[in-house]
């Protein structure tokens, strides 16, 4: 890709508000007959596809109405690169902007890729305001300028970009199949009679840090992807004014807020985290890898979602997590099971490497255009 050049002769600069319309139609979740709610937690970084969503009954407070074909742009924490194309009608978080292409200036299928370009993200970060949750205001982004090709060339470039996107999505679907196979394998290997509770294995860490924090890394719920086993994302502890929990590399971090989002990781580094995250260690006769697979299992998710309390922002407690019954074999058997699971994860890793390469090629193309 590095040797490809794009002739930008005849391209023209436009202000952002000349390219898109900011749709600010307000909706009360309790007063809509729409079935789809999209929060920023439902949008994956660097993906234009909305693969999951909630229901308006899950949330309260004024939201934004979007229509099929609109763009949902995560204006809060723009560095997370969360922008997606709506394929249905619905409502979304007010921490997003709903944008619609002005078709006399920009092709609606060309526009979405702008939001994932490095130049756009760098600009978005620069104009964001606020500390812990930097946010973009319409008046600030409206006056930004972008170089666009003529409409006919936009159409051809959009076809190229969507073809590159489909390569990435196809590879992701293959990885998802492998993930499902791994989960099924773990379920089959551990389908014996329950003989333990998580309280037999988990040790809660109660170490706290008060602001100003003397740590290098902060993990909030926004830094953990649903279903992930680890994370490389983190924030700046200096922006965190509230008390936080201290964790060490190798600790289990489990989100007790909205447990249906399935957020539980093993930390790869030391740091502090939101108090909405429970920090766990395990006793010496329990494999952390075995336990995190239990916590990500369908059986546990069904259990913990059923036990959660609170309507709009359901949560769980350590006591509810600890009371879960499951099959716990001897340590050596746990290790044998995790060896089998690890072999499957190796195949997942290879697929992830291929996805990363395809994503890199797509990203280089986007950045050359924008």
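Numbering (my numbering), first residue to last: 313 to 682.
Here a beta-carbon is modelled for each residue, glycine too, at the ideal position from N, C-alpha and C.
| message | Can you tell me whether residue 369 is helix, strand or coil according to DSSP? | response | Helix at residue 369.
| By the 10 Å Cβ neighbour count, where 16 or more other Cβ atoms means buried, how is residue 655 classified, buried or exposed? | So residue 655 ends up on the exposed side.
| query | In chain order, what residues of the same chain lie with their CB nearer than 7 Å to the CB of residue 439, ignoring the 5 residues before and after it? | reply | Cβ-Cβ distances below 7 Å link residue 439 to 448, 452 and 453 in the same chain, with the five nearest sequence neighbours on each side left out; the list follows chain order.
| message | Let me check understanding here. Comparing Cα to Cα, which of 412, 343 and 653 lies closest to residue 490? | response | The option with the nearest alpha carbon to residue 490 is 653.
| Which of helix, strand or coil does DSSP assign to residue 487? | Residue state, collapsed to three classes: helix.
| field | With 16 other Cβ atoms within 10 Å as the buried cut-off, status of residue 595 | value | It counts as exposed.
| request: Please check the pair residue 388 and residue 335, which I expect to be a contact at CB under 8 Å, by giving their CB distance rounded to whole angstroms. | output: Contact doesn't hold; Cβ gap of about 17 Å is too wide.
| query | By DSSP, does residue 540 sit in helix, in strand, or in coil? | reply | Three-state result, residue 540: coil.
| field | Cutoff 8 Å; reference residue 337; Cβ partners in own chain excluding five residues on either side | value | Around residue 337: 376, 377 and 410.
| request: Just mark residue 316 as buried or exposed, buried being the case when its beta carbon has 16 or more other beta carbons within 10 Å. | output: Burial call: exposed.
| task | Since I believe residue 635 is in contact with residue 511 (beta carbons under 8 Å), could you give me their beta-carbon distance rounded to a whole number of angstroms? | result | Confirmed, about 7 Å.
| Runs of beta strand (DSSP E) wholly within the segment 395-476 (minimum 3 residues, chain order) | Along the length of the segment 395-476, whole beta strand (DSSP E) runs at least 3 residues long occupy 395-397, 402-404, 408-413 and 457-460, reported in chain order.
| request: Give me the Cβ distance between residue 401 and residue 360, rounded to the nearest whole Å; I'm assuming they're in contact under 8 Å. | output: Not quite, the Cβ-Cβ distance comes to about 17 Å (not below 8 Å), so this is no contact.
| message | Please classify residue 470 as buried or exposed, where buried requires at least 16 neighbouring CB atoms within 10 angstroms. | response | If you draw a 10 Å sphere on the C-beta of residue 470, you find 16 or more other C-beta atoms in it, and that means buried.
| said: In whole angstroms, give me the CA-to-CA distance for residue 430 and residue 391. | reply: Taking the Cα positions, residue 430 is about 10 Å away from residue 391.
| request: Taking residue 633 as part of the alpha helix (DSSP H), name the residues at either end of that continuous run. | output: Secondary structure note for residue 633: its alpha helix (DSSP H) is the uninterrupted segment 630-634.
| message | Please give me, in chain order, every unbroken run of the alpha helix (DSSP H) with length at least 4 that falls completely inside the segment 564-646. | response | Entirely contained in the segment 564-646, the alpha helix (DSSP H) runs reaching 4 residues are, in chain order, 600-607, 610-619 and 630-634.
| task | Check each candidate in 548, 493 and 533 and name the one with the smallest Cα separation from residue 587. | result | Residue 533 is the option with its Cα nearest to residue 587.
| What is the residue span of the alpha helix (DSSP H) that residue 328 lies within? | It spans 328-331 - the alpha helix (DSSP H) in which residue 328 sits, taken as one unbroken run.
| query | How many angstroms separate the CA atom of residue 513 from the CA atom of residue 597? | reply | For residue 513 and residue 597, the distance between alpha carbons rounds to 8 Å.
| Under three-state DSSP, which class holds residue 359? | Here residue 359 sits in coil by DSSP.
| task | Measure from the alpha carbon of residue 396 to the alpha carbon of each residue in 406, 435 and 384, then state which is nearest. | result | With distances taken between CA atoms, residue 396 lies nearest to 384 out of 406, 435 and 384.
| Hey, out of 554, 618, 607 and 645, whose CA is closest to residue 567's CA? | With distances taken between Cα atoms, residue 567 lies closest to 607.
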